[in-house]
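First comes the structure, then the notes that go with it.
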Amino acid sequence: MSNRSRLFTLAAALIGALAALFIWESRREPRTLRLRRFRVHLPGLPSGLAGTRIAFLSDFHVNGPGHGNELTPLALDLVRREDPDLLLLGGDYFDHSRCHQHACLFDRLREFALVFGILGNHDLHRRGRYSGAIVKELGSRGVPVLWNRAERVALRGGEITIAGVGDPYIGYADPREALQGTAEPRILLAHAPSIVERLPPGAAALVLAGHTHGGQIRLSPFDRLTPLDSTWWLDRLFRHPPQRFLRGFHWVNGTLLYVSHGIGTTRLPLRFLAPPEAVLIELVASAPHPEEPCDQAARYVEELPSATHQPGEEDR
128 MSNRSRLFTL AAALIGALAA LFIWESRREP RTLRLRRFRV HLPGLPSGLA
178 GTRIAFLSDF HVNGPGHGNE LTPLALDLVR REDPDLLLLG GDYFDHSRCH
228 QHACLFDRLR EFALVFGILG NHDLHRRGRY SGAIVKELGS RGVPVLWNRA
278 ERVALRGGEI TIAGVGDPYI GYADPREALQ GTAEPRILLA HAPSIVERLP
328 PGAAALVLAG HTHGGQIRLS PFDRLTPLDS TWWLDRLFRH PPQRFLRGFH
378 WVNGTLLYVS HGIGTTRLPL RFLAPPEAVL IELVASAPHP EEPCDQAARY
428 VEELPSATHQ PGEEDR
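Residue numbers (my numbering): 128 to 443.
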């Protein structure tokens with residue numbers, strides 16, 4: 128066998144191995160839920176709010192093509208065990224608004240003392256034809272939906288503003304209306320991370336978003352969206368502005384942004400390098416990494432060890 132033939136055989140074997148790895152991982156990963164824990168400092172945070180624990184869940188996609196039906200009760204169970212002071216929900220509860228069945232998967236929401244939610248683009252499918260039913264299902268479980276409005280809540284030794292906007296991805300967000308007249312510190316819920324580019328400097332201490340699924344099928348090492356992420360192509364297919372921020376923490380115009388991978392999937396029952404996640408944030412009194420520049424998210428965030436879970440299995 129010539130050197131050229133050997134090289135061709137080696138390349139074909141490598142491509143085959145990578146393809147097999149992608150197929151195996153993209154099918155396994157959607158069923159493996161990560162519980163991610165962070166310690167986060169918000170500049171200007173009142174000392175009485177230090178120690179506040181916030182859980183964030185987004186993009187459940189119940190009745191969708193993936194494992195949202197299995198992972199939704201698992202995620203709620205995991206964060207309930209952590210006993211958070213506040214649970215925030217980032218929208219897309221039902222894939223393409225299909226809420227006529229399996230709403231019972233959200234029954235555990237009643238066990239949380241304080242919960243707020245917003246709607247995502249899937250909850251507003253068909254021009255919001257079913258959004259009223261989704262709001263009703265959430266309300267019956269004690270979850271007010273913040274639609275371009277805010278509420279002031281007492282947590283531990285202080286107060287904080289929780290604001291929510293309509294989905295920016297399809298043009299329903301009005302951050303001015305949501306934040307007008309509110310007091311600091313503010314946490315803003317927005318389904319799509321593009322909202323941060325519409326906020327005045329420092330308008331919110333923390334923005335929590337989802338929508339991107341971390342790329343869902345991600346071949347890029349970057350935290351910003353690129354053509355190597357399936358989400359990039361979906362944005363263009365449906366003629367929506369691209370979401371620049373793909374996953375994780377970002378410091379944008381004086382605001383700390385977190386973009387969650389979410390829980391379920393849409394369009395395809397696959398994930399790759401973007402595992403589903405539930406998020407727990409503990410607010411702390413000082414920056415975990417003061418040596419980092421003040422305009423970098425790394426200054427304000429410390430990630431703690433995470434745990435992975437699958438339906439019906441013990442913690443690993």
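Even for Gly, the Cβ is constructed at its ideal location relative to N, Cα and C.
Beta carbon of residue i nearer than 9 Å to that of residue j
i: PHE243; j: VAL206; result: no
i: ALA277; j: ARG313; result: yes
i: ALA424; j: LEU383; result: yes
i: HIS194; j: PRO369; result: no
i: LEU306; j: ALA332; result: no
i: ASN380; j: LEU346; result: no
i: HIS223; j: THR353; result: no
i: ASP186; j: HIS340; result: yes
i: PHE183; j: LEU216; result: yes
i: GLU264; j: TYR220; result: yes
i: HIS252; j: GLY218; result: no
i: THR199; j: ILE390; result: yes
i: GLU245; j: GLY293; result: The question names Glu, yet the displayed sequence has Ile at residue 245. A contact, by the Cβ cut-off of 9 Å.
Cutoff 6 Å; reference residue i; Cβ partners in own chain excluding five residues on either side
i: ARG426; result: ALA414, HIS416 and GLU419
i: LEU373; result: THR339, GLY342, ASP350, ARG351 and LEU352
i: GLY329; result: GLY381
i: GLY375; result: ASP350
i: HIS377; result: LEU384 and ALA424
i: ARG235; result: LEU203
i: GLU457; result: There is no way to answer for residue 457, as the model of the chain reaches only from 128 to 443.
i: ASP356; result: GLY342, ARG345 and SER347
Nearest residue (CA-CA) to residue i, options the options
i: GLU324; options: ALA300, ASP212, ARG394 and LEU251; result: ALA300
i: GLN228; options: HIS388, GLY191 and LEU169; result: GLY191
i: ILE408; options: GLY218, PRO432, GLY266 and ARG155; result: PRO432
i: ALA240; options: SER357, GLU209, ALA412 and PRO402; result: GLU209
i: ASP422; options: GLY247, ALA401 and LEU169; result: LEU169
i: HIS188; options: GLU311, ARG254, GLY247 and PRO402; result: GLY247
i: GLY266; options: ARG237, LEU315, ASP356 and PRO211; result: ARG237
i: ARG283; options: ILE181, VAL386, ALA401 and LEU335; result: ILE181
i: ARG106; options: GLY298, VAL270 and GLY291; result: In the structure as shown, the chain begins at 128 and stops at 443. Residue 106 is therefore absent and cannot be evaluated.
i: VAL120; options: SER321, ASP356, ASN275 and TRP360; result: In the structure as shown, the chain begins at 128 and stops at 443. Residue 120 is therefore absent and cannot be evaluated.
Cβ distance (whole Å) where residue i is taken to contact residue j below 8 Å
i: ARG268; j: PHE233; result: 6 Å
Cβ neighbours of residue i in the same chain (closer than 7 Å, five flanking residues each side left out)
i: PRO396; result: PRO157, PRO192 and GLY193
i: ALA260; result: CYS226
i: GLY285; result: PRO173, GLY175 and LEU176
i: ALA202; result: LEU160, LEU184, ILE390 and ALA405
i: ALA230; result: GLU264
i: VAL279; result: Reading off the sequence, residue 279 comes out as Arg, not Val. Contacts found: GLU286, THR288 and ALA310.
Whole-angstrom distance between residue j and residue i, CA atom to CA atom
i: GLY175; j: PHE365; result: 45 Å
i: VAL167; j: LEU213; result: 15 Å
i: LEU410; j: HIS436; result: 24 Å
i: ILE287; j: ASP362; result: 34 Å
i: GLU429; j: SER258; result: 37 Å
i: ARG303; j: VAL262; result: 22 Å
i: ARG443; j: ALA434; result: Here ARG443 scores only 46 on pLDDT, less than 50, and its place in the model should not be relied on; the value that follows carries that caveat. Distance between the alpha carbons of ARG443 and ALA434: 6 Å.
i: THR358; j: PRO211; result: 31 Å
i: ILE289; j: PRO348; result: 32 Å
i: ALA310; j: VAL334; result: 15 Å
i: ASN275; j: LEU316; result: 10 Å
i: HIS388; j: ALA336; result: 9 Å
i: ARG163; j: ALA412; result: 20 Å
i: VAL270; j: GLY291; result: 13 Å
i: GLY171; j: PRO403; result: 31 Å
Sequence-distant residues of the same chain with beta carbon closer than 8 Å to residue i, five excluded per side
i: ARG371; result: PRO320, SER321, GLU324, ARG351 and LEU352
i: TRP360; result: PRO354
i: ALA146; result: Any reading at ALA146 is ruled out, since the residue's pLDDT is 44, under 50, leaving its predicted position unreliable.
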